[in-house]
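Residue numbers for the sequence shown, in this note's numbering: 11 to 211. Think of the CB as a built atom: it goes at the ideal place given N, C-alpha and C, for glycine as much as any other residue. Written out below as structure tokens is the structure these notes cover.
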Amino acid sequence: MTEAIAGPEIERLIQLLAKLPGLGPRSARRAALHLIRKREALLAPLADAMQVAAERIVVCEACGNIDTRQPCSICADLRRDQTTLVVVETVADLWALERAGAMKARYHVLGGTLSPLDGIGPKDLNLDRLAARAADGVKEVILALNATVDGQTTAHYITDLLSHLGITVTRLAHGVPVGGELDYLDEGTLSAAMRQRTGMG
Ligand code: ZN
Numbered sequence: 011m012t013e014a015i016a017g018p019e020i021e022r023l024i025q026l027l028a029k030l031p032g033l034g035p036r037s038a039r040r041a042a043l044h045l046i047r048k049r050e051a052l053l054a055p056l057a058d059a060m061q062v063a064a065e066r067i068v069v070c071e072a073c074g075n076i077d078t079r080q081p082c083s084i085c086a087d088l089r090r091d092q093t094t095l096v097v098v099e100t101v102a103d104l105w106a107l108e109r110a111g112a113m114k115a116r117y118h119v120l121g122g123t124l125s126p127l128d129g130i131g132p133k134d135l136n137l138d139r140l141a142a143r144a145a146d147g148v149k150e151v152i153l154a155l156n157a158t159v160d161g162q163t164t165a166h167y168i169t170d171l172l173s174h175l176g177i178t179v180t181r182l183a184h185g186v187p188v189g190g191e192l193d194y195l196d197e198g199t200l201s202a203a204m205r206q207r208t209g210m211g
């Protein structure tokens, strides 16, 4: 039990910051101090932004993306290629591909991968909706999944799931390193992997 060195309001701020990915208790203290020092310029605007986000963020009913509108900005953008669906595991991967400007298409967020060891089966992922969307005027489904065992298991499952539709199913070229997670790749590697995507076996 560490002793509190500030009032409960500040201790609570530190404890919550420490739950963020990449921040431990020590860096959470530094972040809290920084926020407190920049109270007007940073702490107050951040609190406002978080309040608004907490109230308005919704999960897109079409694709599983998160946004403040329904359907999300990407699904609503009719300039995007409507015949191609890019399947990703998480919203972080969708954002990574968008940052790379890899493809002006629509996405489908699975919400994870099949993982027998962790008890994650097809019913736990956004797969029914994927099959329905793929059957609705889509010509190509690109599986932009992590090059992990679970990612590749999921890729094969989806290929089987969609096989009766007669559409092209491709996956990223392995400029994506084995074991690689998309969110950690640089944008050049991601764009190249998207351009050189290959047919699923
Ligand atoms: Zn959407």
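Heavy atom of the ligand ZN within 7 Å of residue i beta-carbon
i      : result
ALA72  : yes
ASN136 : no
ILE152 : no
ILE76  : no
ILE84  : yes
PRO81  : yes
Nearest neighbour of residue i, chosen from the options [CA to CA]
i      : options                           : result
SER125 : TYR167, TRP105, ALA144 and ARG143 : TYR167
ALA72  : LEU23, LEU140 and ALA42           : LEU140
ALA154 : GLY209, ALA28 and ARG143          : GLY209
ILE152 : ALA165, ASP146, ILE20 and ALA145  : ALA165
THR123 : THR158, ARG89 and ARG40           : THR158
GLY189 : LYS133, LYS48 and GLY161          : GLY161
ALA144 : LEU172, ASN156 and LEU127         : LEU172
TYR117 : THR78, LEU127, ALA51 and LEU104   : LEU104
ALA142 : ASP196, HIS174, SER83 and ARG22   : HIS174
ASN136 : CYS70, ARG66 and PRO81            : CYS70
PRO132 : GLY147, ASP146 and ASP170         : ASP170
CYS82  : ALA16, VAL68 and ARG89            : VAL68
Chain-order list of residues whose beta-carbon lies under 8 Å from that of residue i (same chain, five-residue window excluded)
i      : result
LYS149 : THR93, THR94, ILE177 and THR178
VAL101 : GLY74, ASN75, ILE76 and VAL119
THR180 : GLU150, VAL151, ILE152, LEU153, ARG207, THR208, GLY209 and MET210
Start-to-end residues for the beta strand (DSSP E) that takes in residue i
i     : result
LEU95 : 91-98
Residues that DSSP places opposite residue i in a beta bridge
i      : result
VAL62  : According to DSSP, which records beta bridges pairwise, VAL62 is partnered with nothing at all.
ALA115 : ASP91
SER173 : Partner(s): none; SER173 has no beta bridge.
VAL68  : ASP77
SER125 : ILE130
THR180 : ILE152 and GLY209
For residue i, the first and last residue of its enclosing alpha helix (DSSP H)
i      : result
VAL101 : 101-110
CYS82  : Here CYS82 belongs to no alpha helix (DSSP H), and DSSP marks it neither H nor E.
ASP193 : Neither: ASP193 is in no alpha helix (DSSP H) and is coded neither H nor E.
PRO18  : 18-27
PRO31  : Run containing PRO31: none; DSSP gives neither H nor E here.
ASP146 : First-last for ASP146: undefined, no H or E at that position.
Nonlocal neighbours in the same chain, by C-beta distance under 6 Å from residue i, ignoring five residues either side
i      : result
MET204 : ALA112 and MET113
GLN206 : ALA183
ALA38  : ILE24, LEU27 and ALA28
ASP138 : none
Cut-off 7 Å between Cβ atoms - residues of its own chain near residue i, not counting five sequence neighbours on either side
i      : result
ILE20  : ALA42
ASP239 : This structure cannot speak to residue 239, because the chain is shown only from 11 to 211.
ARG109 : GLU197
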